[in-house]
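Undergrad:
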Amino acid sequence: MALTMPAFLLPHTVTVKPYTGTGAYGPTFGRPFSVRRAYVEDRRRLVRASDGAETISETTVITRPDPSVPAGSEVTVWPGTPAERTAIVITASTFDHPSAPAHLEITLT
Numbered sequence: 199m200a201l202t203m204p205a206f207l208l209p210h211t212v213t214v215k216p217y218t219g220t221g222a223y224g225p226t227f228g229r230p231f232s233v234r235r236a237y238v239e240d241r242r243r244l245v246r247a248s249d250g251a252e253t254i255s256e257t258t259v260i261t262r263p264d265p266s267v268p269a270g271s272e273v274t275v276w277p278g279t280p281a282e283r284t285a286i287v288i289t290a291s292t293f294d295h296p297s298a299p300a301h302l303e304i305t306l307t
């Protein structure tokens, strides 16, 4: 049985608009949904995108591995606060190990 990330470590809520592709007018997105158990950390770091390009991530979000958050999705962090902002997903990586809590790490622009 896989361990899940304890709720007390995930005190934040984020809103995700999943990327579904590109249409005639640019990127298209699915129906937005809230992730009520997340950890948001504003920390600048260098990451490698799925196409191999190096880019700067301003924010990392950690959630339980349940939601599907493809690269290119829009994520709103700190909703309802003066720090609220929407950013694009650079990468979403699932971490799953039998002796550690499974989680999804999302890097944002």
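Counting with our numbering, you get residues 199 to 307 for the letters of the sequence shown. No residue lacks a Cβ here, since even glycine has one placed at the ideal position from N, Cα and C. Computed from a prediction, not measured in an experiment: that's the story for all the values here.
Taking three-plus beta-carbon pairs below 8 Å as touching, is the region 268 to 285 in contact with the region 203 to 216?
TA: Using a Cβ-Cβ distance cut-off of 8 Å, the region 268 to 285 and the region 203 to 216 are in contact, since at least three pairs of beta carbons, one from each stretch, lie closer than that value.
Undergrad: Hey, quick one: how far does the beta strand (DSSP E) through arginine 235 stretch, first residue to last?
TA: Residue 235 sits at position 37 when you count from the first residue of the sequence shown. Run containing arginine 235: 231 to 246, per the beta strand (DSSP E) assignment.
Undergrad: Which partner residues of threonine 307 appear in the DSSP bridge assignment?
TA: Translated into positions along the sequence shown, residue 307 becomes position 109. Threonine 307 is not bridged to any residue.
Undergrad: Got a sec? Which residues, its chain only, sit under 8 Å from valine 245 by beta carbon, not counting five neighbours each side?
TA: Position 47 of the sequence shown, counting from 1, holds the residue named residue 245. Close CB contacts of valine 245 within its chain, under the 8 Å cut and outside five residues either way in sequence, are with Glu252, Thr253, Ile254, Ser255, Ile288, Thr289, Thr305 (chain order).
Undergrad: Give me the Cβ distance between valine 275 and valine 238, rounded to the nearest whole Å; I'm assuming they're in contact under 8 Å.
TA: Within the sequence shown, residue 275 is the residue found at index 77, counting from 1. Within the sequence shown, residue 238 is the residue found at index 40, counting from 1. That belief holds up - the Cβ atoms of valine 275 and valine 238 are roughly 5 Å apart, short of 8 Å.
Undergrad: Short check: CB of threonine 261 to CB of leucine 302, under 8 Å?
TA: Walking along the sequence shown from the start, residue 261 turns up at place 63. Walking along the sequence shown from the start, residue 302 turns up at place 104. In this structure, threonine 261 sits near leucine 302, with a CB-CB distance shorter than 8 Å.
Undergrad: So, at 6 Å on beta carbons, what are the nonlocal neighbours of glycine 228 in its own chain, with the 5 sequence-adjacent residues on each side left out?
TA: Reading the sequence shown from its first residue, position 30 is the one you call residue 228. Pro216, Thr218.
Undergrad: Count the other CB atoms, across all protein chains shown, that sit within 10 Å of the CB of threonine 258; report buried if there are 16 or more and exposed otherwise.
TA: Looking up residue 258 in the sequence shown gives position 60. It counts as buried.
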